[in-house]
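Enquirer: Residue numbers (the numbering used here): 2 to 315.
1) So which of 149, 275, 25 and 178 has the shortest CA-CA distance to residue 205?
2) State the DSSP-derived secondary structure class of residue 220, mapped to helix, strand or coil.
3) For residue 267 and residue 23, what's the separation of their Cα atoms in angstroms?
4) Please state if the CB of residue 148 and the CB of residue 123 are separated by a distance shorter than 9 Å.
5) Alpha carbon to alpha carbon, how far is residue 48 from residue 57?
6) In three-state terms, what does DSSP make of residue 155?
7) Rounded to whole angstroms, what is the Cα-Cα separation between residue 169 and residue 143?
8) Just the Cα atoms here: how many angstroms apart are residue 132 and residue 140?
9) Would a C-beta distance cut-off of 9 Å place residue 180 and residue 220 closer than the cut-off?
10) Would you kindly work out how many angstroms separate the C-alpha atoms of residue 316 and residue 209, rounded to a whole number?
11) Just tell me which of 45, 82 and 201 has its CA closest to the CA of residue 62.
12) Which partner residues of residue 126 appear in the DSSP bridge assignment?
13) By the 10 Å Cβ neighbour count, where 16 or more other Cβ atoms means buried, how is residue 19 classified, buried or exposed?
14) Leaving out five residues before and five after residue 68 in sequence, what residues of the same chain have Cβ atoms less than 8 Å from its Cβ?
15) I'd like to know if the region 246 to 256 and the region 35 to 43 are in contact, where contact means that at least 3 CB-CB pairs between them fall below 8 Å.
16) Quick check: what's the CA-CA separation for residue 137 versus residue 249?
17) Using the Cα positions of residue 222 and residue 134, report the straight-line distance between them to the nearest angstrom.
18) What does a CB cutoff of less than 8 Å around residue 215 pick up in its chain, not counting 5 residues either side in sequence?
19) With distances taken between CB atoms, is the gap from residue 59 to residue 232 smaller than 9 Å?
20) Let's see if you can read the secondary structure: which residues bound the alpha helix (DSSP H) around residue 362?
21) Is residue 195 closer than 9 Å to residue 88 when the C-beta atoms are compared?
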């Protein structure tokens, strides 16, 4: 059997960091002709032919990897965190962008948050696509109720596979007494709220960047694609959260939620706040993302004037 905890040493910029279990889901297949693996390989080979590569990240967050990429790829433009850049720094004017959410947001939860103590609430969201079983939902509810902290959980209508009715009524009642369960929330407003002390997340890249930008420590339960490696970076490289991959046990959930909201969480929050400051600096005038965005605009204009857009990327 494969030792999933074996550390890989062949990823440029991540030598000795990533275990086999941390690799993206499309890399953890036995069939080299797997559809998703072939797609990613094809796109990766195509990327070296591009005139430039635009990445939703900022230099200080992934400097080691970006430095190694620069030796192999064309121009790299790191212009993230994109959510923050678009909202606060778009052409030096306050942006008037609407929400990019795929679901209707229930802003009633903000009033509920306003009645909770500072940094006392655990916010839970597994993104727009992840689906869980009723059994997994039961384990999360047991763990959250057992941890004893108020929690806000965004439960999409299609989040749970099967019948939610299989979750014991008494457990649902206890959860509703301790927490606030809604279909969807304005995530950035929630993460920015002073009552929120931690984020239980699926480790999607947008959610990860948003949590970093607002200085909120994370408890990661990755599901698929890049989420596995994101959670490893959160816990072992940036040290702004905890990794809970490959398990869904009420005992583990309760223990790690307590860690996230306790003394360990304070250390993680300190790291998260320092990373937040770096993220802010990156989008300010003169920052790495701000400068890269200006370069990107200028290079696009130059390419257009020369008629030099790479045909391989059209």
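Glycine is no exception: its CB is placed at the ideal position from the N, C-alpha and C atoms.
Expert: Once the coordinates are examined:
1) When only C-alpha atoms are compared, the closest one is 25.
2) DSSP places residue 220 in strand when its eight states are reduced to three.
3) So the alpha carbons of these two residues sit roughly 25 Å apart.
4) Yes, the Cβ-Cβ distance between residue 123 and residue 148 is below 9 Å.
5) A straight-line Cα-Cα distance of about 16 Å links residue 48 and residue 57.
6) DSSP, reduced to helix, strand and coil, places residue 155 within a strand of the structure shown.
7) Rounded to whole angstroms, residue 169 and residue 143 show a C-alpha spacing of 10 Å.
8) Near 14 Å, if we compare the C-alpha coordinates of residue 140 and residue 132.
9) Not in contact: residue 180 and residue 220 (Cβ atoms no closer than 9 Å).
10) Because the chain in this structure spans residues 2 to 315, residue 316 falls outside the shown range and cannot be described.
11) For the set 45, 82 and 201, the Cα lying nearest the Cα of residue 62 is the one of 82.
12) Beta-bridge partners of residue 126 (DSSP): 155 and 202.
13) By the C-beta density criterion, residue 19 is buried, having at least 16 other C-beta atoms within 10 angstroms.
14) 14, listed in sequence order.
15) No contact exists between the region 246 to 256 and the region 35 to 43.
16) For residue 137 and residue 249, the distance between alpha carbons rounds to 6 Å.
17) If you take the alpha carbons of residue 222 and residue 134, they lie about 14 Å apart.
18) The residues are 189, 192, 193 and 277.
19) No, Cβ-Cβ distance for residue 59 and residue 232 is not below 9 Å.
20) Outside the shown range of the chain, which is 2 to 315, sits residue 362, and nothing can be said about it.
21) 9 Å or more divides the Cβ of residue 88 from the Cβ of residue 195.
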